[in-house]
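If you're matching them up, the sequences are chains S and R in order. If you read the first sequence in the working numbering, its first letter stands for residue -2, the second for the next number, and so on. If you read the second sequence in the working numbering, its first letter stands for residue 1252, the second for the next number, and so on. This report concerns only the one structure given below.
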Amino acid sequence: DVKVTQSSRYLVKRTGEKVFLECVQDMDHENMFWYRQDPGLGLRLIYFSYDVKMKEKGDIPEGYSVSREKKERFSLILESASTNQTSMYLCASSLWIEQFFGPGTRLTVL
Amino acid sequence: DQQVKQNSPSLSVQEGRISILNCDYTNSMFDYFLWYKKYPAEGPTFLISISSIKDKNEDGRFTVFLNKSAKHLSLHIVPSQPGDSAVYFCAASFQGAQKLVFGQGTRLTINP
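Below is the structure:
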């Protein structure tokens, strides 16, 4: 079974803080993704990566950056958190089209 | 530009009846479609998929229908059970592309 884990289930941060969200997958998948989920907007792609040290912008990359130093780990970074980044953050990995998701991190920025 | 749309934010169905969730897409290049199910505080889990070379795919209580001319797909759940209460997302992709484009989601509630 594919397992995708995320470092925190719930996180509360203050405006202006630097925030790191970590994601690890154990199935040797090439592709990894970061989404945010907001009511009425579905899942929106922030960044994705096809390989180590490779990254591509998704639909809403502004205010975010990513890092993929190892194949199994994909990190999402909020350089200076803002209240409009309060959301559910979901990490996923895939070998082909079907993506496997982690449990999500509910981030609240005060 | 919402390329994948789920126009019903919510749906309520009696236990034992059929649940029909709908999804429309605008990009005719999409050739692979997936449905995901999401419980609160959990990540989405894959449910069923269909390639554009088919018009129907069945897996137990779940059937997905694809109408390419109408750019429309639907998920049928028969019979509906209380555990089916969740948010359902449809997603679309191109062959050879790894990205998925998701709809807004439909919250399905199964009433006893």
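No residue lacks a Cβ here, since even glycine has one placed at the ideal position from N, Cα and C.
By DSSP's assignment, R/ALA1342 forms a beta bridge with R/LEU1285, R/PHE1353. When the Cα atoms are used, R/LEU1298 and R/LEU1285 turn out to be separated by approximately 7 Å. Contacts between S/ASN28 and chain R, judged by CB atoms closer than 7 Å, involve GLN1349 in chain order. Annotated three-state conformation of R/ASP1335 is helix, per DSSP. Residues of the stretch 1283 to 1303 of chain R whose Cβ lies closer than 9 Å to any Cβ of chain S, in chain order: TYR1283, LEU1285, TYR1287, LYS1289, ALA1292, GLU1293, GLY1294, PRO1295, THR1296, PHE1297, SER1300.
For R/VAL1315, the closest alpha carbon among the candidates R/SER1300, R/GLY1267, R/VAL1329 is that of R/SER1300. Counting the other CB atoms within 10 Å of its CB gives S/ILE43 a total of 16 or more, which places it among the buried residues.
When only Cα atoms are considered, S/SER5 and R/SER1320 end up about 44 Å apart.
The C-beta of S/PRO100 comes closer than 7 Å to at least one C-beta of chain R. Contact between the stretch 61 to 73 of chain S and the stretch 1264 to 1282 of chain R is absent, with fewer than three C-beta pairs closer than 8 Å.
Put simply, the backbone Cα of R/TYR1339 is about 31 Å away from that of S/MET51.
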